[in-house]
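The structure appears right after this line, and notes come after that.
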Amino acid sequence: MRQMLSIQGSWSNRWIFILAAMGSSVGLGNIWLFPVMTGQHGGGAFILLYLSCMLLVAVPIMMAEVVIGRHARQNPVNAIEDAAVSAGASRHWRLVGALAIFCGFLIFSYYSVVAGWVLHYLVAMIFGQLNGLGVDQTSRFFNKLLADSQMLLLWHSLFVLLVIWVLAQRVERGLDRAMRFLMPVLFLMLFMLLGFALTTGEFVSATEYLFNFHLQDIGWDAVLIALGHSFFTLALGVGVIMAYSAYMGKSDSIAPTVIAIGVFDTLVALLIGLVVVTVVMAAQMELRAGPGLLFVTLPVAFLQLPGGQVFGFLFFLLAAVAALTSAISLLEPATAWVTERFKWSRARAVLLLGALAWGLGVAALYSLGQLSDLKILGVSIFDLIDITTTILFLPLGGIAVAVLAGWVLDKELLTAELALSNPAMAALWLWLLRFVAPAAVGLIFVMNLYNALYS
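Shown next, in the form of structure tokens:
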């Protein structure tokens with residue numbers, strides 16, 4: 002049944018919820034993917050397309066998740082069950098919440114391995130281990146790290162312990178304090194890096210690369226990329242937003258809050274993109290997407306510039322903070338479910354979940370090195386977890402939430418919780434949720450599945 006306050010605690014104010022939601026969305030993908038996709042697919046034209054996809058698809062689904070989470074004040078499984086039963090629907094809708102929590106748990110298990118790479122590079126920048134290396138040598142450095150299972154195990158374990166430490170405490174003492182500290186630190190580092198980028202002489206060129214309109218580069222593939230990234234970046238389909246919304250204040254306005262999160266997330270991604278593109282251009286290197294950008298290109302680029310070791314370290318510190326805030330959010334829904342389902346303390350719940358995720362992460366990291374010959378369905382354990390979550394679970398969860406909120410749940414409950422003063426805006430939100438969002442996310446699902454099977 003619905004309760005006035007979550008037993009987990011509550012955010013100290015609306016802005017901490019916004020910071021926490023931004024922390025869940027600002028991850029490594031904003032660093033190694035967004036700048037390149039923007040420049041290659043139309044610059045400013047792509048940004049407008051991306052914002053349109055976010056407003057028409059991602060924001061309506063996110064608003065639905067916030068409504069469900071805040072109304073029930075419980076973990077995603079119980080929140081969805083509570084909303085479905087209130088509407089006279091089957092309790093089995095709770096499986097949507099279970100899928101979301103499981104998906105977030107799986108992502109955390111291998112995301113913590115990738116975060117370990119960032120920590121390793123952070124230390125390498127401090128001690129100058131990458132100084133004087135070219136692209137080929139840095140590439141070998143990265144490949145050596147992937148093959149060194151013991152080193153990966155060390156960093157993976159340290160990162161998981163850090164997440165456990167934050168989540169073991171009540172929301173006010175753990176999540177709230179962490180976001181109150183980590184997100185301002187992230188913004189401070191970002192502005193310091195922007196200041197560094199301004200001194201390189203390539204800031205204007207980077208701005209032109211990211212913001213000049215190139216309508217001829219907007220094609221069907223750009224639409225699919227914009228759709229996909231707008232959905233994935235806001236941490237939809239993994240229960241994060243529902244879990245975080247359970248700790249919101251009742252008087253907080255949902256629509257402006259969600260729109261603010263989407264706008265701020267895009268702004269941060271663009272600012273990070275300016276830093277990345279400027280540094281790569283200043284070093285006269287090739288800009289490419291993926292982990293190679295973060296772990297091969299950028300270290301070389303930073304270290305070719307005056308003060309590059311200091312600001313390279315600062316950049317990897319920013320990446321580590323972004324990884325930490327995202328990872329914390331991925332494990333929180335499962336933590337909330339275990340504490341509420343079994344009446345355990347948060348410390349006990351997160352220790353168990355952290356240990357299980359750590360074990361799965363160990364299997365994933367060994368599949369990159371000593372167990373690289375072990376294949377399941379033709380791929381490594383690491384890639385299997387990645388493919389299963391991003392291609393199957395995430396979009397299916399997003400579609401299910403849109404269908405549940407748009408077609409099943411009580412409309413008076415939804416509109417009352419949403420509290421939109423303009424009935425036309427409420428009707429527009431419901432229409433987007435019923436027709437546009439499921440079709441768009443369904444398209445993402447079909448195309449990603451097709452590409453995985455036939456590319």
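Per our numbering, the sequence shown starts with residue 2, numbered consecutively.
Cβ atoms here follow ideal geometry from the backbone N, Cα and C, with glycine treated the same way.
All figures in this text were calculated on a predicted structure; none of them were measured in a lab.
- Residue 227 holds the alpha-carbon nearest to the alpha-carbon of residue 46 among 117, 81, 227.
- Annotation for residue 184: 20, 24 place their beta carbon closer than 6 Å to its own, counting only its chain and skipping 5 residues before and after.
- For residue 304 and residue 127, the gap between their C-alpha atoms comes out near 12 Å.
- Distance check between residue 116 and each of 148, 163, 96 places 163 closest, using alpha-carbon atoms only.
- In this structure, the alpha-carbon of residue 380 lies about 39 Å from that of residue 171.
- A contact is defined here as three or more CB-CB pairs under 8 Å, and the stretch 355 to 371 fails this definition with respect to the stretch 412 to 419.
- For residue 219, the closest alpha carbon among the candidates 53, 44, 18 is that of 44.
- When the alpha-carbon of residue 326 is set against those of 188, 103, 349, 42, the nearest one is in 188.
- Contact between residue 110 and residue 386 is confirmed by a C-beta separation of about 7 Å, below the 8 Å threshold.
- Counting of Cβ neighbours within 10 angstroms places residue 51 among the buried residues, the total reaching 16 or more.
- The beta carbon of residue 169 is closer than 8 Å to those of 175, 347, 348, 351, 352 in its chain, skipping five residues each way along the sequence.
- By the Cβ neighbour-count rule, residue 81 is buried, with 16 or more other Cβ atoms within 10 Å of its own.
- For residue 416, the uninterrupted alpha helix (DSSP H) segment begins and ends at 412 to 419.
- Every alpha helix (DSSP H) stretch that sits fully inside the stretch 116 to 161 and reaches 4 residues is listed by chain position as 136 to 148.
- With the rule of 3 Cβ pairs closer than 8 Å, the stretch 22 to 36 counts as touching the stretch 269 to 282.
- The criterion of a C-beta distance shorter than 8 Å is not satisfied by residue 442 and residue 334.
- The C-alpha of residue 338 is placed about 17 Å away from the C-alpha of residue 398.
- Boundaries of the alpha helix (DSSP H) around residue 259: 255 to 283.
- The residue from 428, 437, 420, 396 with its alpha-carbon nearest to that of residue 450 is 396.
- Contact check for residue 55 against residue 291 fails: the beta carbons are separated by 8 Å or more.
- Its Cα nearest to that of residue 182, the residue 16 stands out among 372, 153, 16, 133.
- Contact between the stretch 242 to 250 and the stretch 60 to 77 is established, with three or more Cβ pairs separated by less than 8 Å.
- Judged by their CB atoms, residue 427 and residue 434 are not nearer to each other than the 8 Å cut-off.
- The distance from the Cβ of residue 235 to that of residue 59 is about 5 Å, consistent with a contact at the 8 Å cut-off.
- Here DSSP, grouped into helix, strand and coil, assigns residue 219 to coil.
- Residue burial is scored here from C-beta neighbours: residue 83 has at least 16 other C-beta atoms within 10 angstroms and is therefore classed as buried.
- Here residue 380 carries a strand assignment [DSSP, helix/strand/coil].
- DSSP, reduced to helix, strand and coil, places residue 44 within a strand of the structure shown.
- Residues 167, 329 of the same chain have their beta carbon placed closer than 7 Å to that of residue 179, with the five preceding and five following residues left out of the count.
- Between the alpha carbons of residue 212 and residue 48 lies a gap of roughly 8 Å.
- Here the C-alpha atom of residue 193 lies approximately 10 Å from the C-alpha atom of residue 199.
- 445 is the residue among 445, 453, 452 whose C-alpha sits nearest the C-alpha of residue 231.
- At the C-beta level, residue 62 and residue 402 come within 8 Å of one another.
- Per the coordinates, the alpha-carbon of residue 453 lies some 35 Å from the alpha-carbon of residue 191.
- Rounded to whole angstroms, residue 354 and residue 100 show a C-alpha spacing of 16 Å.
- A distance below 7 Å between beta-carbons, with the five flanking residues on each side excluded, links residue 260 to the following residues of its chain, in chain order: 60.
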